[in-house]
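Structure, as structure tokens:
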Amino acid sequence: MILEENIILQIKSKLNELSKTEKKLGEYILQHSVETVNDNTSELAKKAGVSPATIVRFCRSIGLSGFSQLKIRLYADSSAVDEDLYSDITPNEDVALIADKLALRFNSSISQTAKYLDTGNIEKISEIIDVCTMIYVYGLGASHVVADDFTQKFSRIGKPVVNTLDHHLLSSALISANDHSLFVAISNSGETNEVIKLTEIAKQKHLYTIGISQNASSTLAQLVDFPIIHHGGEAVMLRSAATTSLVSQLFTIDVLYYAYVNRHSQKILQMLKDSKINIQTFFKENS
1 MILEENIILQ
11 IKSKLNELSK
21 TEKKLGEYIL
31 QHSVETVNDN
41 TSELAKKAGV
51 SPATIVRFCR
61 SIGLSGFSQL
71 KIRLYADSSA
81 VDEDLYSDIT
91 PNEDVALIAD
101 KLALRFNSSI
111 SQTAKYLDTG
121 NIEKISEIID
131 VCTMIYVYGL
141 GASHVVADDF
151 TQKFSRIGKP
161 VVNTLDHHLL
171 SSALISANDH
181 SLFVAISNSG
191 ETNEVIKLTE
201 IAKQKHLYTI
211 GISQNASSTL
221 AQLVDFPIIH
231 HGGEAVMLRS
241 AATTSLVSQL
251 FTIDVLYYAY
261 VNRHSQKILQ
271 MLKDSKINIQ
281 TFFKENS
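Numbering (UniProt numbering), first residue to last: 1 to 287.
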């Protein structure tokens, strides 16, 4: 069972995608979440300076069925969580509060990623990985950490993976790749220049392409055969949003990995067991 994401963070993450009047309403609700729980539609519309129809559209835009569900979620989240947790990390912050803030964002980002993940695409990608003789993966910055995680996971179960930060070297490899190859492009924004160029090369060579991004309307998501969209949290002043997007990307890789493992569970589990035994044998400390 997937836990619901925190409604306060959910509203914050959607603000920039809303219409002008919906954003106005969202900002009002964020500032008056407790008060909103006790309002009816007409009262909230008057206080926020919007129409009752805007409230209906706002609820649908953030993924809720209606105002009643919004009030229930606001009551549950506003009463259970300290308001200070919704702000970004600030200078001289107490370490315990930093941990609580990040935990709240991690839980929200992962829950929303799981909720909206295109499982149909994940299943199709698992089938493609089955028939691919080579996988190429690329990501810059924090996304390179995700590319390394992908490489480590799939290499351990016998899938050949090429992963390098040298985009010139990787472009040469893609040009000479055979038709049964897969290119995995990772970019939180979906607009990283090197990622887009490498994806275009992979497309020209008729390779299967996957794009892991936070933005469904990004260049990368529109370019690849199979976009995988994750949730990365709202924009904030410091780096907590970048951190939560990284966690969401790693979670997405885990889902893809276990979906593939599930297709060959007995074979792969034996392979992992043998690998562990061999490593312990060859690298055991001398007594």
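Every residue, glycine too, gets a C-beta built ideally from N, C-alpha and C.
Note that the structure is a prediction, hence the values are computed from the model and not measured.
In the displayed model, THR209 falls within a strand according to three-state DSSP. In summary, TYR258 is exposed, with fewer than 16 beta-carbon neighbours lying within 10 Å of its beta-carbon over all protein chains present. ILE253 and ILE210 have their alpha carbons spaced roughly 12 Å apart. Under the three-state reduction of DSSP output, VAL50 falls in the coil class, being neither helix nor strand.
When C-beta atoms of the segment 160-168 are compared with those of the segment 263-280, fewer than three pairs fall below 8 Å, so the two segments do not count as touching.
Inclusion of ILE110 and SER143 in the CB contact set at 7 Å is not warranted, their separation being larger than that value.
With distances taken between CA atoms, GLN112 lies nearest to PHE251 out of GLU191, ASP274, PHE251 and PRO160.
Taking the C-beta atoms as reference points, SER61 is found nearer than 7 Å to GLU22.
The beta strand (DSSP E) runs lying completely inside the UniProt domain "SIS" (125-266) and spanning 3 residues or more are 134-139, 161-163, 181-186, 208-213 and 226-229, given in chain order. It is roughly 22 Å from the alpha-carbon of ILE29 to the alpha-carbon of ASN107.
GLN214 and VAL145 have their C-alpha atoms some 16 Å from each other. In this chain, the alpha helix (DSSP H) harbouring GLY26 covers 20-31. In the displayed model, LEU272 falls within a helix according to three-state DSSP. Between the alpha carbons of ILE228 and ARG57 lies a gap of roughly 26 Å.
Taking C-beta atoms as the reference points, SER245 and ASN193 fail to come closer than 7 Å.
A Cβ-Cβ contact shorter than 7 Å links THR133 with HIS180.
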